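Under this note's numbering, the sequence shown has 523 at position 395, and the numbering climbs by one with no breaks. Even glycine gets a Cβ: it sits at the ideal position worked out from N, Cα and C. No experiment lies behind these values; they were computed from the predicted model shown. Notes follow the structure.
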Amino acid sequence: MGKSIRIKSALLIFLCFICIVNMNAQNPEIRYKVHGQILDSRTGKELKRIPITVFPFNKVVDTDNKGRFLFSMPPGDYKFRIDYAPFDKKEIAFNLKSDTVMVIELRSPFTSQYLEGVEITAFRKATEIPTAIRQIDNLQLKALPALIGERDILKAFSLTAGVTASSEGAADMQVRGGLHGQNLYLLDGIPLYSTEHFFGLVSVYNPTIIKSAKLYKADFPAEYGGKISSVINVQTQDADLKKFKGEAEISLLTSKIMLNIPVVNDKLALSVAGRLSNYSLINLISPIIPQNIGTRFSFHFGDINTSLNWKISEKDKLKLSFFSNTDGIDVQNKMDNDLNKVWIKNKQQNGGLNWYKTFSEKAENHVLVYADNYGYDFGNSVQNVITSKKQIIQILTDIHSEGIVEKFRYIPSDKLNFNTGFSVKTFGFTPYQINQNDSDLNTKKTSTQTQLTEGIAYLEGDYKFARQQNLSLGLRFNSVGNQEKIYNNLEPRIGYHGIFKNDFSLSASIGKMTQPIHRVANSGLGFPFEMFFPTSTYLLPESSWNFSLGCAKDFDWNKRNFSIKVDAWYKTMNNIVEFQDGYDAVFSTIIAPQNTILDTKKYLTQGNGKAYGIDFSANYNVKNWSLTADYTLMKAECQFDQLNNGRPFAASTDIRNSISLTSQLKLSESWSFSATWQFNSGKPITVPTYIFANPVSNLKPDQVSDYDGTLYQRVITQRNNYRTKPFHKLDISFTHNYKAFKHYNATISLGVYNVYNNANPFMYYIDGVQNPNKTYKPVLKYMSLFPILPSFNWSLKF
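This is the structure in structure tokens:
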């Protein structure tokens with residue numbers, strides 16, 4: 129009897145437990161989503177990084193880059209508080225009973241000095257983004273000193289750890305041991321083949337139209353590929369659909385203008401930004417000079433960005449964009465009876481149609497269709513004014529491509545989101561074409577014209593597996609080739625970013641990148657000269673593995689902010705391309721083809737490389753003063769079976785130590801001061817070990833000729849056997865913000881480039897120096913182009 133009661137009691141307890149578990153399983157905690165967007169009531173634009181305080185949790189959450197926010201909370205009474213100058217304080221109380229959508233408009237008081245279009249920024253914590261990623265917006269760009277008043281996004285990135293320029297004043301980038309041609313440069317999602325104006329002094333990115341730029345040194349999203357070193361994604365400003373406005377700017381080097389023109393209110397708007405070199409005015413004077421007197425020359429560079437934005441509906445938007453940049457220099461002079469002409473020209477154009485489709489708060493789509501073209505033209509002609517005989521030699525390079533890109537984003541929850549897409553691109557190459565004409569003979573030699581097709585598909589997931597702990601996994605498939613050969617590549621990507629207590633974060637990433645288009649440039653003396661070659665049966669695609677591990681820490685005390693970042697990295701590079709010993713771009717395209725067939729196997733070779741180092745960044749902010757320090761310690765080397773007797777040698781990007789210090793000081797409400805100091809240790813170049821006259825030259829000891837010509841023989845015993853002189857300089861500028869014509873916001877900036885006039889090497893060459901006994905010996909010299917220079921910039925917003 130007792131045993132039966134105990135069994136029944138146990139069964140009753142078990143049944144009650146099952147009922148409780150079943151009730152809990154059938155009635156989980158109910159949560160609803162609150163999502164929306166914060167807009168500026170005056171312009172209708174999204175307000176990014178606006179802090180929202182959520183009560184009763186007293187938790188602060190910032191909106192994203194499009195002003196959006198998303199919360200998941202149980203039913204109940206809540207309150208949002210937004211207190212962000214210069215906007216009026218706003219509180220929203222609500223009872224959450226179901227999924228809710230909010231559109232919040234912030235207003236600024238009419239008596240406030242609200243400068244529309246100028247972002248109000250605060251110190252951003254170093255722990256917020258992975259250590260291998262750097263982002264610069266328009267406001268940060270304008271605060272930096274500039275070369276002759278010309279601010280440049282690529283030069284701004286060259287101040288960051290892990291990034292250097294190839295030479296002083298060059299608008300290019302070498303990222304973590306990689307070459308300039310191994311970076312993916314994007315303008316509104318469209319790749320650029322050339323990024324340089326004025327042959328390296330200025331980049332093609334017009335600062336008046338830039339909205340933001342992001343540099344990935346590692347931790348590459350799966351949607352990006354095609355290069356093995358880095359990704360630079362530059363986004364331009366969208367046209368304002370409601371208000372006409374513009375900006376004019378002039379510096380010592382260029383003049384710029386940007387116009388925003390609403391065509392149909394809140395539906396259709398046009399944005400145009402143009403830049404022209406001030407020296408283009410010389411072209412108006414040069415034709416007046418007679419051909420037989422002195423030297424006639426013309427020089428110019430310019431670019432234009434246009435976009436047409438059409439808001440079809442709240443969920444459908446179209447953006448049609450066009451970009452064009454040109455460079456040109458022509459020099460003509462008369463010597464004796466010969467009329468000499470030299471010209472260098474290049475041109476780049478692209479156009480794209482973007483369709484942005486929002487299906488819901490969880491799903492959005494982006495389709496891009498684009499076409500682009502890049503061409504380079506270098507030539508020299510000599511005409512005898514008596515006999516009219518003319519000799520011409522001309523080198524042409526041309527690349528064009530077309531593509532369609534599909535991107536889809538899906539956010540199933542606030543902890544998980546997916547990005548997927550595909551693209552198909554076609555390329556057409558003429559790596560070089562040589563035209564020669566000497567009146568009696570007309571020859572044309574062209575490298576093989578190649579067609580290339582690239583297909584890409586990718587999938588990436590970002591999972592927030594714990595509070596402020598994010599893991600991203602991606603896979604990119606790349607197939608590239610033509611009828612002769614097809615290469616298939618898988619590119620896995622793994623990234624982690626976690627924020628812990630006491631403002632400390634960790635970042636780690638592993639990723640593979642593949643590059644089907646090769647840029648080849650001179651590695652020795654003289655001016656840089658580049659050519660582009662596609663992947664073929666002989667040239668394999670380049671590839672790299674990128675490893676990165678970093679940490680960051682923020683400190684706050686007494687209204688002072690201090691942050692520090694450290695990132696250790698390692699990179700392997702396979703199938704990188706170099707000229708074989710004894711060849712360079714000029715010899716391969718002009719001299720060698722005189723008696724041989726153009727064949728890349730004769731002068732190009734492939735090998736492997738590696739680079740590793742540590743990036744260090746620190747930032748200190750106190751009230752009206754900030755100081756940023758960036759330092760990189762690195763090593764980069766290459767190994768080619770056909771170069772340097774198969775022995776490893778230092779890569780041309782092996783700049784062991786690079787330092788940059790940037791300081792900004794607010795002097796008053798309208799005046800500010802900024803200064804930048806840079807130091808780079810010497811980089812490796814290849815110079816001859818011995819130079820002697822050829823026996824057939826019949827040169828006497830007291831004669832000297834061109835050491836680059838055929839009268840002398842150069843002997844090179846080792847690749848990259850010399851390190852250049854270290855580079856360092858200081859730039860300063862003063863900036864004044866004021867009201868022009870009573871209503872318009874104007875800025876004037878005055879400064880000095882290379883304050884202490886350091887003669888930094890731009891180009892090395894060999895010249896003859898006379899000995900006391902009247903004989904000559906070859907000596908290595910360098911040329912410096914940028915002494916101490918004034919800097920001036922004036923801009924007006926209207």
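Secondary structure of Q511, DSSP reduced to three states = Residue state, collapsed to three classes: strand.
ask   = Beta carbon of N772, beta carbon of V815: below 8 angstroms?
value = Result no, Cβ atoms of N772 and V815 do not sit closer than 8 angstroms.
task = Assign L667 to one of two classes, buried (16 or more other C-beta atoms within 10 Å of its C-beta) or exposed (fewer than that).
result = When all chains shown are included, L667 counts as buried.
ask   = Of the residues F777, F605, Q577, which one's Cα is nearest the Cα of K640?
value = Among F777, F605, Q577, the Cα nearest to that of K640 is on F605.
ask   = DSSP state of Y406, grouped into three classes?
value = First, the residue type needs correcting, since residue 406 is Asn and not Tyr in the sequence shown. Secondary structure at N406: helix, using DSSP grouped into helix, strand and coil.
query = What are the partner residues of T191, as DSSP defines its beta bridges?
reply = For T191, which the question treats as bridged, DSSP gives no partner whatsoever.
6 angstroms Cβ shell around V495 - same chain, five flanking residues per side excluded = Excluding positions up to five away in sequence, the list reads W483, E534.
query = How many angstroms separate the CA atom of G556 from the CA atom of N501?
reply = Each residue's CA atom was taken as its position, placing G556 and N501 some 9 angstroms apart.
query = Is the Cβ-Cβ distance between N465 and V513 less than 8 angstroms?
reply = In contact: N465 and V513 (Cβ atoms closer than 8 angstroms).
request  = Hey, could you find the ends of the beta strand (DSSP E) Q898 is sitting in?
outcome  = Where Q898 is concerned, the enclosing beta strand (DSSP E) stretches over 891-898.
query = Is the region 899-908 touching the region 297-317, taking contact as three or more C-beta pairs under 8 angstroms?
reply = The region 899-908 vs the region 297-317: no contact.
query = How far does the beta strand (DSSP E) with A99 in it reach, from first residue to last?
reply = Not covered by the structure: residue 99. The range shown for the chain is 129 to 926.
task = Could you have a look at L603 and say whether DSSP puts it in helix, strand or coil?
result = Strand, per DSSP.
query = If you count every other CB in all the chains shown that lies within 10 Å of the CB of S286, and 16 or more means buried, which is it?
reply = Result: buried.
request  = Would you kindly work out how many angstroms separate the C-alpha atoms of G678 and A254, rounded to a whole number?
outcome  = Whole-angstrom Cα-Cα distance: 12 angstroms.
ask   = With respect to the beta strand (DSSP E) encompassing K341, which residues constitute its N-terminal and C-terminal limits?
value = Residue identity differs from the one stated: residue 341 is Ala in this sequence, not Lys. In the DSSP assignment, A341 falls within the beta strand (DSSP E) that extends over 338-344.
task = Kindly confirm or deny that the region 520-533 and the region 200-219 touch, where touching means at least three C-beta pairs closer than 8 angstroms.
result = No, they do not touch.
ask   = So, helix, strand or coil for T298, using DSSP?
value = The sequence as given places Ala at residue 298; Thr does not occur at that position. DSSP places A298 in coil when its eight states are reduced to three.
query = What are the complete beta strand (DSSP E) segments, minimum 3 residues, inside the region 429-499?
reply = As far as the region 429-499 is concerned, its whole beta strand (DSSP E) runs of at least 3 residues are 444-463, 466-486.
For T700, the first and last residue of its enclosing alpha helix (DSSP H) = Per DSSP, T700 belongs to no alpha helix (DSSP H); it is in the beta strand (DSSP E), 688-707.
request  = With DSSP as the reference, label N563 as helix, strand or coil.
outcome  = Note: N563 maps to strand in three-state DSSP.
ask   = With a Cβ-Cβ cutoff of 8 angstroms, do T804 and D859 count as a contact?
value = Result yes, Cβ atoms of T804 and D859 sit closer than 8 angstroms.
task = Look at F429 and D455 and say whether their C-beta atoms are less than 8 angstroms apart.
result = F429 is a Cβ neighbour of D455, given a cutoff of 8 angstroms.
ask   = Can you tell me whether T288 is buried or exposed, with buried defined as 16 or more other CB within 10 angstroms of its CB?
value = Answer is buried; the Cβ neighbour count reaches 16.
task = Write down the C-beta distance between S295 and N474 rounded to the nearest angstrom, noting that I regard them as a contact closer than 8 angstroms.
result = That belief does not hold up - the Cβ atoms of S295 and N474 are roughly 19 angstroms apart, past 8 angstroms.
key: Own chain, CB closer than 8 angstroms to R279, minus 5 neighbours either side, in chain order   = For R279, where only same-chain residues beyond five positions count, the Cβ hits under 8 angstroms are L269, K270, L272, P335, N921.
key: Three-way DSSP call (helix, strand, coil) for N223 in this model   = Looking at N223 - three-state DSSP - the assignment turns out to be strand.
ask   = Buried or exposed: where does W267 fall if 16 or more other Cβ atoms within 10 Å of its Cβ makes it buried?
value = Inspection of the sequence shows that residue 267 is occupied by Leu rather than by Trp. Its Cβ having fewer than 16 others within 10 Å, L267 is exposed.
inquiry  = What does the alpha-carbon distance come out to for the pair D168 and A299?
reply    = Taking the straight line joining both Cα atoms gives about 36 angstroms.
ask   = In this structure, what does DSSP give as the bridge partners for L755?
value = Partner(s): Y748, S791.
message = With a threshold of 6 angstroms on Cβ separation, who are the neighbours of K342 within its own chain once the five nearest residues in sequence on each side are excluded?
response = When the five nearest sequence neighbours on each side are left out, the beta carbons in the same chain lying within less than 6 angstroms of the beta carbon of K342 are those of Q263, N361, in order along the chain.
inquiry  = Please list the terminal residues of the continuous beta strand (DSSP E) segment that includes L267.
reply    = Taken as a continuous stretch (DSSP letters only), L267 belongs to no beta strand (DSSP E), being part of the alpha helix (DSSP H) at 266-270.
inquiry  = Across the region 533-547 and the region 514-521, are there enough close Cβ pairs to call them in contact, namely three or more that are closer than 8 angstroms?
reply    = Output reads no: the region 514-521 does not touch the region 533-547.
query = Considering only residues of the same chain and omitting the five flanking positions on each side of F801, which have a CB-CB separation below 7 angstroms?
reply = Taken in chain order, the residues that qualify are L793, L795, F862.
Nearest to Y407 (by Cα), restricted to the options K518, L467, F427 = Each of K518, L467, F427 was checked against the Cα of Y407, and the nearest Cα belongs to F427.
request  = Taking K909 as part of the beta strand (DSSP E), name the residues at either end of that continuous run.
outcome  = Its beta strand (DSSP E) spans residues 904-911.
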